[in-house]
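2 protein chains.
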Amino acid sequence: MMETVNNLEYYKVFCHVARAGSLTVAAGELNISQPAVSQSVKQLERALRVKLFTRAAKGVRLTTEGELLYGYVAKAYEQIALGEQKLRQMLNLELGEIHIGASDMTLQFYLLPYLERFHEKYPQIKVAVSNAPTPETLLNLQDGKIDFGVVSTPFESRSDLQASVVQEIEDVFVAGRKFIPYKNRMLDLQELEKMPLICLEGITSTRSHMEAFLRQNNVLIHPEFELATSDMIVQFALRNLGVGCVVREFAREYLEEGALFELRFNRIIPKRHFCVVTNPRNPLSVAAKNLLELLGI
Amino acid sequence: MMETVNNLEYYKVFCHVARAGSLTVAAGELNISQPAVSQSVKQLERALRVKLFTRAAKGVRLTTEGELLYGYVAKAYEQIALGEQKLRQMLNLELGEIHIGASDMTLQFYLLPYLERFHEKYPQIKVAVSNAPTPETLLNLQDGKIDFGVVSTPFESRSDLQASVVQEIEDVFVAGRKFIPYKNRMLDLQELEKMPLICLEGITSTRSHMEAFLRQNNVLIHPEFELATSDMIVQFALRNLGVGCVVREFAREYLEEGALFELRFNRIIPKRHFCVVTNPRNPLSVAAKNLLELLGI
DNA sequence: AACATGATATCATCCTCCTTTATGTCTGCA
DNA sequence: TGCAGACATAAAGGAGGATGATATCATGTT
Numbered sequence: 003m004m005e006t007v008n009n010l011e012y013y014k015v016f017c018h019v020a021r022a023g024s025l026t027v028a029a030g031e032l033n034i035s036q037p038a039v040s041q042s043v044k045q046l047e048r049a050l051r052v053k054l055f056t057r058a059a060k061g062v063r064l065t066t067e068g069e070l071l072y073g074y075v076a077k078a079y080e081q082i083a084l085g086e087q088k089l090r091q092m093l094n095l096e097l098g099e100i101h102i103g104a105s106d107m108t109l110q111f112y113l114l115p116y117l118e119r120f121h122e123k124y125p126q127i128k129v130a131v132s133n134a135p136t137p138e139t140l141l142n143l144q145d146g147k148i149d150f151g152v153v154s155t156p157f158e159s160r161s162d163l164q165a166s167v168v169q170e171i172e173d174v175f176v177a178g179r180k181f182i183p184y185k186n187r188m189l190d191l192q193e194l195e196k197m198p199l200i201c202l203e204g205i206t207s208t209r210s211h212m213e214a215f216l217r218q219n220n221v222l223i224h225p226e227f228e229l230a231t232s233d234m235i236v237q238f239a240l241r242n243l244g245v246g247c248v249v250r251e252f253a254r255e256y257l258e259e260g261a262l263f264e265l266r267f268n269r270i271i272p273k274r275h276f277c278v279v280t281n282p283r284n285p286l287s288v289a290a291k292n293l294l295e296l297l298g299i
Numbered sequence: 003m004m005e006t007v008n009n010l011e012y013y014k015v016f017c018h019v020a021r022a023g024s025l026t027v028a029a030g031e032l033n034i035s036q037p038a039v040s041q042s043v044k045q046l047e048r049a050l051r052v053k054l055f056t057r058a059a060k061g062v063r064l065t066t067e068g069e070l071l072y073g074y075v076a077k078a079y080e081q082i083a084l085g086e087q088k089l090r091q092m093l094n095l096e097l098g099e100i101h102i103g104a105s106d107m108t109l110q111f112y113l114l115p116y117l118e119r120f121h122e123k124y125p126q127i128k129v130a131v132s133n134a135p136t137p138e139t140l141l142n143l144q145d146g147k148i149d150f151g152v153v154s155t156p157f158e159s160r161s162d163l164q165a166s167v168v169q170e171i172e173d174v175f176v177a178g179r180k181f182i183p184y185k186n187r188m189l190d191l192q193e194l195e196k197m198p199l200i201c202l203e204g205i206t207s208t209r210s211h212m213e214a215f216l217r218q219n220n221v222l223i224h225p226e227f228e229l230a231t232s233d234m235i236v237q238f239a240l241r242n243l244g245v246g247c248v249v250r251e252f253a254r255e256y257l258e259e260g261a262l263f264e265l266r267f268n269r270i271i272p273k274r275h276f277c278v279v280t281n282p283r284n285p286l287s288v289a290a291k292n293l294l295e296l297l298g299i
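As given, the protein sequences belong to chains A and B, one line each in that order. Residues 3 to 299 in the working numbering are what the first sequence spells out, letter by letter. Residues 3 to 299 in the working numbering are what the second sequence spells out, letter by letter.
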């Protein structure tokens with residue numbers, strides 16, 4: 003009975019011989035000696051118990067059986083070559099996909115310029131950014147669904163994730179013309195309780211960070227507005243609907259031109275940070291590694 | 003730079019490990035030791051300069067790069083397995099094709115019953131019979147276009163073909179009622195010159211054999227009719243259009259029932275033979291070999 | 001016919017590199 | 001903290017493939 007071939011090297015030699023129609027030429031291609039090729043073919047024929055080539059004066063030709071086998075083996079060999087080629091592309095960053103978890107904020111104020119540069123350098127790499135709340139991003143990271151996350155503190159740091167601070171950010175309270183009386187005064191945090199506040203909604207880290215800080219100072223706020231995006235908060239503040247609580251960057255433009263001003267308090271609001279978080283258990287794709295390098299991680 | 007892997011065995015191991023998600027299990031499947039698998043994977047990773055697996059506490063998992071590669075390599079491995087399976091089928095005569103060159107005559111009076119038995123035994127094997135004149139059949143045999151030929155003597159025996167006689171046949175002259183005067187007389191070959199003869203046309207071996215024999219006896223014939231098939235000759239003879247020259251088998255039925263009779267001559271017409279001709283340079287497919295065996299070759 | 005040529009087959013030897021055995025290391029779990 | 005399971009490492013030994021020389025065979029040439 004015919005055995006299954008337990009040395010795929012034989013098939014490689016077989017492919018070359020079949021294609022070249024010559025043991026000698028195949029040997030040259032494979033950088034081995036002609037007797038080695040002759041032996042390999044013989045071994046393969048012995049294992050399969052079937053003549054694969056007809057030996058002629060000038061070279062060899064496939065038999066019917068050899069022809070059948072070659073059809074399959076050649077395809078297999080091609081597949082492997084193709085796989086190696088794709089892998090090579092991936093290593094050359096000519097192919098690949100990066101999955102990032104980031105919030106609107108980290109994306110806009112930190113990641114975007116890097117992604118731009120990265121994409122310019124490696125246009126073939128597809129970059130997918132999942133826009134999710136920090137806790138979900140961390141979960142995605144643990145599950146290996148993203149290569150890394152960019153989140154803002156504070157977040158529940160899991161022991162098995164590794165976070166690197168990449169940028170400092172500050173939460174500020176901003177207001178428009180209508181709240182001019184507060185301008186240039188050193189305010190007490192308590193006064194926030196009486197102001198019509200405009201905050202981010204839900205479980206964002208921006209919101210939870212601020213609430214935690216205020217709670218420590220025995221301040222309890224009741225926001226007038228809870229909005230989905232920081233941009234929207236700025237717009238509300240511009241229209242004097244209240245005092246907005248945002249990361250300073252969001253309001254920078256209007257602060258500089260004087261349309262908004264920043265409230266000053268007698269207690270320093272703790273700084274927050276952007277962190278790039280990685281999962282050491284999940285080895286990164288070459289592309290992701292490269293992007294992280296660009297980020298200075 | 004990434005190298006091309008020069009040991010396909012590594013890929014086999016890679017496949018098993020990837021599928022099993024465990025070095026130990028893969029080692030079991032491959033009937034080799036766990037360290038051997040570990041080494042193979044390491045070698046592959048070294049050659050490709052890329053981590054293919056993430057080592058976990060319980061087993062291994064493919065990295066992004068490994069995943070990419072596996073897609074291709076698995077397909078390749080499947081192809082090879084499929085090729086081996088097909089080959090196995092071919093060796094079991096569950097798959098295949100036989101090409102035979104044969105004339106109408108050899109097919110009808112010799113080959114047909116064998117083909118019937120062969121097809122009954124191996125219904126999956128496709129049999130193709132090329133119906134061509136003997137010289138063309140021999141050419142096809144030399145070119146490897148057919149596995150073997152079945153022809154009738156005489157034919158120009160080429161040194162590199164091998165012929166085996168499988169059956170004796172006799173050329174006879176048959177006539178109907180109108181030619182009764184010739185019946186039971188011992189005729190001289192010369193008398194053929196005066197008869198209205200019905201022969202095969204062209205370059206068939208039947209015709210050339212007969213002409214050569216008659217020429218040796220200084221007889222020159224001028225056939226009244228030259229027909230394409232022996233059957234047609236019999237029909238013409240039945241209608242008393244002349245004396246037909248055919249292989250006896252074609253007329254047997256009518257000879258037995260008396261519709262035709264056979265002319266007798268004072269010189270014995272040499273016997274002819276059916277030969278199975280093979281080309282020793284062209285190794286036969288397993289199926290063809292088997293059929294030849296059935297033919298007693 | 002004898003010979004030169006180009007190809008494959010064979011053989012003995014050598015050496016590479018893979019396999020194995022034994023052991024180390026790490027992780028997760030009880 | 002200790003155990004069990006899984007992968008990694010190291011050293012040694014051996015199987016089997018590669019090599020180089022040579023034989024053989026077919027072809028085409030003079």
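Positions of the beta carbon are idealized from the N, C-alpha and C atoms, including for glycine.
Measure the CB-CB distance between residue i and residue j and report whether it falls below 8 angstroms.
i, j, result
"residue 39 (chain A)", "residue 29 (chain A)", "yes"
"residue 164 (chain B)", "residue 27 (chain B)", "no"
"residue 13 (chain A)", "residue 10 (chain B)", "yes"
"residue 178 (chain B)", "residue 253 (chain B)", "no"
"residue 98 (chain B)", "residue 92 (chain B)", "yes"
"residue 7 (chain A)", "residue 50 (chain A)", "yes"
"residue 154 (chain B)", "residue 263 (chain B)", "no"
"residue 197 (chain B)", "residue 266 (chain B)", "no"
"residue 201 (chain A)", "residue 228 (chain A)", "yes"
"residue 152 (chain A)", "residue 230 (chain A)", "no"
"residue 272 (chain B)", "residue 181 (chain B)", "no"
"residue 24 (chain A)", "residue 68 (chain A)", "no"
"residue 77 (chain B)", "residue 81 (chain A)", "yes"
"residue 257 (chain B)", "residue 129 (chain B)", "no"
Name the chain B residues whose beta carbon is nearer than 8 angstroms to that of residue i?
i, result
"residue 287 (chain A)", "65, 66, 67"
"residue 56 (chain A)", "283, 284, 285"
"residue 53 (chain A)", "285"
"residue 322 (chain A)", "The shown model of chain A, from 3 to 299, leaves out residue 322 (chain A), and the question about it has no answer."
Under a Cβ-count criterion, where at least 16 other Cβ atoms within 10 Å of its own Cβ denotes burial, should residue i be classed as buried or exposed?
i, result
"residue 174 (chain A)", "buried"
"residue 222 (chain A)", "exposed"
"residue 205 (chain A)", "exposed"
"residue 190 (chain A)", "exposed"
"residue 282 (chain A)", "exposed"
"residue 244 (chain A)", "buried"
"residue 114 (chain A)", "exposed"
Using the three-state DSSP reduction, which class does residue i fall into: helix, strand or coil?
i, result
"residue 171 (chain A)", "strand"
"residue 134 (chain B)", "coil"
"residue 261 (chain A)", "coil"
"residue 100 (chain B)", "strand"
"residue 51 (chain B)", "coil"
"residue 246 (chain A)", "strand"
"residue 7 (chain B)", "coil"
"residue 113 (chain A)", "helix"
"residue 189 (chain B)", "strand"
"residue 157 (chain A)", "coil"
"residue 266 (chain B)", "strand"
"residue 19 (chain A)", "helix"
"residue 147 (chain B)", "coil"
"residue 128 (chain A)", "strand"
"residue 221 (chain A)", "coil"
Under 8 angstroms between beta-carbons, which chain A residues line up against residue i? List them in chain order, please.
i, result
"residue 140 (chain B)", "In chain order: nothing, as chain A lies at least about 19 angstroms away."
"residue 9 (chain B)", "11"
Per DSSP, which residues does residue i bridge with? Please list them.
i, result
"residue 278 (chain A)", "A:152, A:166"
"residue 228 (chain A)", "A:201"
"residue 56 (chain B)", "B:63"
"residue 288 (chain A)", "Residue 288 (chain A) pairs with nothing; no bridge assigned."
"residue 177 (chain A)", "A:263"
Note down, in chain order, every chain B residue with its Cβ under 9 angstroms from the Cβ of residue i.
i, result
"residue 169 (chain A)", "Residues of chain B passing the Cβ test: none, with the nearest at roughly 27 angstroms."
"residue 264 (chain A)", "Those within 9 angstroms of residue 264 (chain A) in chain B number zero; the least Cβ separation is about 45 angstroms."
"residue 45 (chain A)", "By Cβ distance, chain B contributes nothing, its closest Cβ being about 14 angstroms from residue 45 (chain A), past 9 angstroms."
Going along chain B in order, which residues have a C-beta closer than 7 angstroms to the C-beta of residue i?
i, result
"residue 71 (chain A)", "85, 89"
Kindly list, in the order they appear in chain A, the residues whose Cβ is closer than 9 angstroms to that of residue i.
i, result
"residue 196 (chain B)", "By Cβ distance, chain A contributes nothing, its closest Cβ being about 54 angstroms from residue 196 (chain B), past 9 angstroms."
Cβ closer than 7 angstroms: which chain A residues qualify as neighbours of residue i?
i, result
"residue 324 (chain B)", "Residue 324 (chain B) is absent from the model: chain B starts at 3 and stops at 299."
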